[in-house]
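Notes follow once the structure below has been shown.
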Amino acid sequence: PSRGGAGSGPGGPPSEVDLVTLGEHVFKINCMVCHLADGQGQPGQYPPLAGSPWVQGPAYRLAMIPLGGLSGPMPVEDQTFYGIMPTLGPRLTDQQVAAVLTYIRQAWGNKAGPVSPAVVAAARKATDDRGAPWTAAELMDVRTPDLTPATSPATGP
1228 PSRGGAGSGP GGPPSEVDLV TLGEHVFKIN CMVCHLADGQ GQPGQYPPLA GSPWVQGPAY
1288 RLAMIPLGGL SGPMPVEDQT FYGIMPTLGP RLTDQQVAAV LTYIRQAWGN KAGPVSPAVV
1348 AAARKATDDR GAPWTAAELM DVRTPDLTPA TSPATGP
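Numbers 1228 to 1384, taken from my numbering, label the letters of the sequence shown in order.
Put into structure tokens, the structure is as follows:
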């Protein structure tokens, strides 16, 4: 079943402000217990989101983490974390995942751009048949697909 979310207005995609507001709400419900309100995580267990190269890196790769989960050693800066990130994909829509990722990419001094629901949908498609959480090594091998919408060739008169 599709987990895509509706836009915030009639026929329009959610604005970045809407994504950040929704993302903060989703974060508080699903992520804050491990990553904490200040995004600093818990030493040795749950990595910080503040200043994280994973958070500020490719949006497609980042989307795969909440969609598919994560286990095994997770290197962030000069530390390694061993907590397990649960799979949130079945519980959250593409819009909710895009929102929480947009929020964490712009909170706590992070300065990465927003994540669109289309990027999350593409990552979801790549994770739907996966039966195990990702490892950091597997995610490092992920290449962002070309997500440019296909255009139809111009037709003559």
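Ideal Cβ positions, reconstructed from N, Cα and C, are used throughout, including at glycine.
Where residue i sits in the DSSP three-state scheme
i, result
"residue 1369", "coil"
"residue 1319", "coil"
"residue 1307", "strand"
Beta-carbon contacts of residue i that lie in its chain and below 7 Å, excluding the five residues immediately before and after
i, result
"residue 1354", "1291, 1294, 1295 and 1316"
"residue 1299", "1362 and 1363"
"residue 1330", "1247, 1250, 1251 and 1254"
Residue i at chain D interface by Cβ criterion, 9 Å
i, result
"residue 1267", "Chain labels in this structure do not include chain D; a single protein chain is all it has."
Cβ neighbours of residue i in the same chain (closer than 6 Å, five flanking residues each side left out)
i, result
"residue 1249", "1326"
"residue 1366", "1288"
"residue 1339", "1283 and 1332"
"residue 1307", "1300"
"residue 1350", "1287, 1290, 1291 and 1294"
"residue 1276", "1262, 1266, 1282 and 1331"
Element boundaries [alpha helix (DSSP H), containing residue i]
i, result
"residue 1283", "1280-1283"
"residue 1344", "1344-1354"
"residue 1290", "1286-1295"
"residue 1261", "1259-1262"
According to DSSP, residues forming a beta bridge with residue i
i, result
"residue 1361", "1297"
"residue 1273", "1269"
"residue 1341", "Answer is none; residue 1341 lacks a bridge partner."
"residue 1313", "Looking at the DSSP assignment, residue 1313 forms no beta bridge with any residue, so it has no partner."
Residues near residue i by beta carbon distance below 8 Å, same chain, minus five either side
i, result
"residue 1309", "1271, 1272, 1299, 1300 and 1301"
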